Amino acid sequence: LILFLALSLRAFRIDSFPPLNPDEAAIAYNAFSLIETGHDEHGNLFPIHFKSFGDFKPGGYFYLALPFVKLLGLTPLAVRLPNLILSLLAIFLFYKIVFLISSNQKLSLISIFVLSISPWHIHFSRGAWESNTALSLIIIGTYFFLKSTQPPKFSVKYFTLFLISFSSTLYIYHSTRIFAPLLGLILFAIYFKTFYKNFRQLFLPILFTALISVPVLFSFINNGGTTRFGGVGLTADQGPIWRANELINQDASTDLFYRIIHNKRLLYTISWAQKYFSHFDLNFLFLTGDEVPRSKSPEMGQFYLYQLLFLLVGLFSFIKTKLFDLKSKQIIIFWLIFAPLASSLTFQAPSALRSLPLVIPLSLFISLGLYHTLIYISRLSNYLLKYLSYLIVIFIIIVSVIFYLDSYYIHSPARYPQAWNYGFSQLVNYFQKNPTTDSVYITNKYDQPYIMILFYTKYPPHLIQKEIKLTTPDQFGFSTVTHFGNYYFQKIIWEDIPENSVIVASDEEIPIAPTDIIYFPNHQPALKIYYKHE
């Protein structure tokens, strides 16, 4: 029943809502290109990292999506199904993990219920989010790891599956390349005696894992992965450098002492610490959530506000509880510590996307708090008070879920329509009904419009491979495409557009009345269509 609830919350309208974003379109189109030609959009033969927007995306999800695109065609559903399926499997195995470490079925059921209704987990289960796919594989791998250590006999089979699950995350998402190895090392350290006794059996699986991990490392270094990190990493923020110079100037001294205490490295360390601990900020977790519109719903945190109470109860209970042994507690604590680390090493934090692994230990603490609260209620001697308390808890949970769904489905598209590149599907449908051989000039105000046109027109991959040319990377390491076929992508200035052209502009770019308008869900103009003729 809980799994059906999880499926319903994640699968409802997943084929159309939210609208496809450029990263999803890039994954789907490149999978389509591989099926058609064996090469990606840039003409690279079955790459490990996909050049895409110059950000060299890890290729794992592209290959996961490939059979779905082959079966279902170039559609949003095809690119989103792998993440949805793995999300549901991860929820089920989260139940198994909690049961393995607690031997308590009630806590296990409460835990997957909490994860099933989690706004944080639902949001990133409903798209082709590589971060959630990587998290699902980590959950799957953790289950196999714990299963391998269960008495009476160590299981090499489950241990090998653990290694495969964890190493595969390296091919899925950049941030997991920090979290997964650290968590893996901690698991080894905690169960060191077990592995030491079985080292001979483990040598070949470990060697195999090392060998399959090497290609992704070389590809990352050789294909611009370090450049990508330079664009989004902590040092991409020049603020600490400017602040260091400002402090030195205020001291009006060039003495070594002042240069040491106002050193940019020290200020970057302080900046990192601020970003790391911002992931535990109650505003981020329970009130406002991520600042990035594509990663949030209006008036929502990453968790429901009522869950703050259960989190506090759960943290207190975790310290005192005997439900978990020492090893299990160590795993949970280190998972909690490592989860925000990758996100804190970027200039944009807190990030719900990059710190997604944090949803697991915090959901477990919330579940533990709810579990002990329900036990307390069950022991009330006053039957009226007992059942009234149960009803209040149920009512608050139901109302909170309804509030989230209303925020997600109704208010999010109205508040953040531009975040999802809304309008490009409608634009392609418009041109299918009103075909033209004229040049089409499309505004570059929205994120990566070229890939949206490639996706929705199903533009032949063998043609784009000959035509594609990326622009110079911007300060964040991203490039784009300004022309293919009869499509041009640029800032729209009426005077610069040649005659006999179709112009697709944003609301503000051209003040004259358009021929047609494509509207956002909030009824504001998204794209205006003009025909410029002599």
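With the numbering used here as the guide, the letters of the sequence shown map in order to residues 218 to 751.
The beta-carbon is built from N, C-alpha and C at its ideal position, and this holds for glycine as well.
These numbers were taken from a predicted model, which means no experiment stands behind them.
- Taking C-alpha positions only, S333 is separated from F270 by approximately 33 Å.
- Ranked by Cα distance from F311, the first of I355, L289, E347 and L608 is I355.
- DSSP, read as helix, strand or coil, puts S656 in strand.
- If you draw a straight line from the Cα of V433 to the Cα of I265, it comes to about 7 Å.
- Residue pairing from DSSP places Q707 in a beta bridge opposite T660.
- Per DSSP, V610 has no beta bridge partner at all.
- Nearest neighbour of P398 by Cα position, chosen from Y413, T411 and S382, turns out to be S382.
- With a 10 Å radius around the Cβ and a threshold of 16 neighbouring Cβ atoms, V616 comes out exposed.
- Between W552 and L400, the C-beta gap is smaller than 9 Å, which places the two residues in contact.
- The C-beta distance from A490 to G640 rounds to 41 Å, too long to fall under 8 Å, and the pair is not in contact.
- A straight line joining the alpha-carbon of T505 with that of K410 spans about 44 Å.
- Put simply, the backbone Cα of L294 is about 47 Å away from that of L602.
- Proximity to T538 across V698, D272, S319 and S348 peaks at S319, based on C-alpha coordinates.
- Look at the segment 678-751 and you find these whole runs of alpha helix (DSSP H), each 4 residues long or longer: 678-684.
- Inter-residue distance for Y633 and S512 is about 10 Å (C-alpha atoms, whole angstroms).
- Spanning the alpha carbons of S545 and F362 requires a straight line of approximately 12 Å.
- S348 and Y280 do not touch by the CB rule: their CB atoms are close to 17 Å apart, not below 8 Å.
- Under the three-state reduction of DSSP, F270 is assigned to coil, being neither helix nor strand.
- For V645, the enclosing alpha helix (DSSP H) covers residues F641 to K650.
- Between F533 and F379, the alpha-carbon positions lie close to 31 Å from each other.
- Per DSSP, the continuous alpha helix (DSSP H) segment holding V296 begins and ends at P293 to S319.
- For G277, the enclosing alpha helix (DSSP H) stretches over residues G277 to L289.
- Between V657 and V576 a beta carbon distance of about 42 Å is seen, past the 8 Å cut, so the two are scored as non-contacting.
- For a cut-off of 8 Å, the C-beta gap from F234 to Y626 is around 7 Å, short enough to register as a contact.
- Here H340 carries a helix assignment [DSSP, helix/strand/coil].
- Secondary-structure assignment with DSSP links H256 through a beta bridge to L262.
- Counting only the Cα atoms, A636 lies some 51 Å from Y413.
- F672 places its beta carbon less than 9 Å from that of L237.
- By the Cβ neighbour-count rule, G276 is buried, with 16 or more other Cβ atoms within 10 Å of its own.
- Counting C-beta atoms within 10 angstroms of its own C-beta, T689 has fewer than 16 neighbours from the protein chains shown and is therefore classed as exposed.
- When beta bridges are read from the DSSP output, T366 appears opposite no residue.
- Of the candidates L644, S718, I710 and N717, L644 places its Cα closest to the Cα of D733.
- Within the same chain, and ignoring the five residues on either side of V296 in sequence, the residues whose Cβ sits closer than 6 Å to its Cβ are E241, I244, A245, A282 and A345.
- Nearest in C-alpha terms to S572, of all of F263, Y493 and I583, is Y493.
- Taking every protein chain shown into account, the CB of N638 has 16 or more other CB atoms within 10 angstroms, so this residue is buried.
- When secondary structure is reduced to three states using DSSP, H391 falls in the coil class, being assigned neither helix nor strand.
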